[in-house]
Amino acid sequence: MRPGRGRSQPSMDMYAMSSFAPLTLLAEEEREDEEQEEGCSDGAGSRRTSQDAAQRSGRGYQKWPFSDPLVWIDLEMSGLILETDTIIEIACIVTDSSLQRQIEGPSIAIHHPDDVFDRMDAWCTEHHGASGLTDRCKASMISLEQAEELVLDFVKQLMPPGVALLAGNSVHVDKTFLRRYMPMLHDYLNYRILDVSTVKELCRRWYPKEWKRCPRKKNNHTALSDIRESIEELKHYRTAIFKKQ
1 MRPGRGRSQP SMDMYAMSSF APLTLLAEEE REDEEQEEGC SDGAGSRRTS
51 QDAAQRSGRG YQKWPFSDPL VWIDLEMSGL ILETDTIIEI ACIVTDSSLQ
101 RQIEGPSIAI HHPDDVFDRM DAWCTEHHGA SGLTDRCKAS MISLEQAEEL
151 VLDFVKQLMP PGVALLAGNS VHVDKTFLRR YMPMLHDYLN YRILDVSTVK
201 ELCRRWYPKE WKRCPRKKNN HTALSDIRES IEELKHYRTA IFKKQ
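Letter 84 of the sequence shown, counting from 1, is numbered 84 in the UniProt record's numbering, and no numbers are missing.
Okay, structure coming up:
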């Protein structure tokens, strides 16, 4: 049995108002784009339909907010030993491929028995205590399984299965813990990852001046703040070292 199993399912309302409201705005934007597209003619003079546009984009008949999304997930764990440690916080943001538009998803402190926190190493005890995460986890009513369901429900609203890459800093570690402790969420995403840390190391070696100009991180060690900083970091590299379109 995983820590936290058996608690009642929390209402989605606590996240829906703040996290999912932008979906309505994005849907309106997509409808406007679709109307404009339907008003255009191709070379043969025939009217383009929304169905044609969906087929050309590879999205079927469903209209998705982003055609090539990135799912940014950051986990805070009780440690880095997969067999004995676990996920104590998860946050998620979905962006488009150019990082210009984003939708902020759930940010959840996960309940565990006190012994999970008593077993944390010195680093986790210090930093999760200082950030308030340990106390938030102890006060939380959301189990590991419920947290997975909340994030998965959010992701399912934005993309079909197997499409989006998992993105973040050193995100292979997060992927390993997702595979073990949140397998449904893990399996919904593409097998590829986008690791900002790889881009960082290439920039440091090949473009040291641009690397030094990268925005400095605050190191708050909370899942949502870590994601925001990772997105800003990749935005910097995109502007500083990649070929302009």
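The C-beta atom is built at its ideal place from N, Cα and C for all residues, glycine as well.
A quick note: this is a predicted structure, and the numbers were derived from the prediction, not measured.
Straight-line gap, residue i to residue j (C-alpha atoms, nearest Å)
| i | j | result |
| --- | --- | --- |
| Y191 | L166 | 8 Å |
| K217 | E229 | 6 Å |
| H186 | F177 | 9 Å |
| K138 | D115 | 11 Å |
| A240 | P69 | 22 Å |
| S97 | F66 | 8 Å |
| Y181 | N219 | 25 Å |
| P208 | I103 | 32 Å |
| D226 | V199 | 16 Å |
| K175 | D85 | 14 Å |
| E233 | E83 | 31 Å |
| L224 | E201 | 23 Å |
| E148 | S107 | 11 Å |
| L158 | W64 | 6 Å |
| C203 | A109 | 34 Å |
| C214 | F242 | 14 Å |
| A91 | D195 | 17 Å |
| W211 | R205 | 9 Å |
| T222 | E76 | 7 Å |
| A164 | L133 | 28 Å |
| P160 | T95 | 15 Å |
| K156 | L189 | 10 Å |
| Y237 | P113 | 41 Å |
| G105 | K244 | 30 Å |
| S170 | S140 | 27 Å |
| S197 | R179 | 20 Å |
Delimiting residues of the beta strand (DSSP E) encompassing residue i
| i | result |
| --- | --- |
| A240 | Note, A240: premise wrong, no beta strand (DSSP E); alpha helix (DSSP H) at 223 to 240. |
| T86 | From DSSP, T86 is part of no beta strand (DSSP E); its letter is neither H nor E. |
| D121 | Neither: D121 is in no beta strand (DSSP E) and is coded neither H nor E. |
| L194 | 193 to 195 |
Residue i burial status per 10 Å Cβ neighbour count (16 or more: buried)
| i | result |
| --- | --- |
| Q100 | exposed |
| Q146 | buried |
| I81 | exposed |
| H172 | exposed |
| residue 256 | Shown here, the chain extends from 1 to 245; a query on residue 256 therefore has no answer. |
| D135 | exposed |
| D118 | exposed |
| E126 | exposed |
| G129 | exposed |
Whole-number beta carbon distance between residue j and residue i, since they are thought to touch under 8 Å
| i | j | result |
| --- | --- | --- |
| G168 | I73 | 6 Å |
| I93 | I231 | 7 Å |
| G79 | C124 | 6 Å |
| residue 247 | H111 | Examination of residue 247 is not possible in this model, given that the chain is present from 1 through 245 alone. |
| M184 | L150 | Incorrect: roughly 12 Å between the Cβ atoms, too far for contact. |
Per DSSP, cross-strand counterpart(s) of residue i
| i | result |
| --- | --- |
| T95 | L70, Q102 |
| L202 | Answer is none; L202 lacks a bridge partner. |
| S107 | A91 |
Host alpha helix (DSSP H) of residue i (start-end)
| i | result |
| --- | --- |
| A147 | 144 to 156 |
| L80 | Taken as a continuous stretch (DSSP letters only), L80 belongs to no alpha helix (DSSP H), as it is neither H nor E. |
| A167 | It is not in any alpha helix (DSSP H) - A167 instead sits in the beta strand (DSSP E) that spans 165 to 168. |
| P161 | Unbroken run through P161: none, as it is neither H nor E. |
| R180 | 171 to 181 |
| K212 | 208 to 212 |
| L189 | Neither: L189 is in no alpha helix (DSSP H) and is coded neither H nor E. |
| K138 | 133 to 139 |
CB contact check: residue i to chain B, cutoff 8 Å
| i | result |
| --- | --- |
| R101 | Looking for chain B here will not work: only one protein chain is present. |
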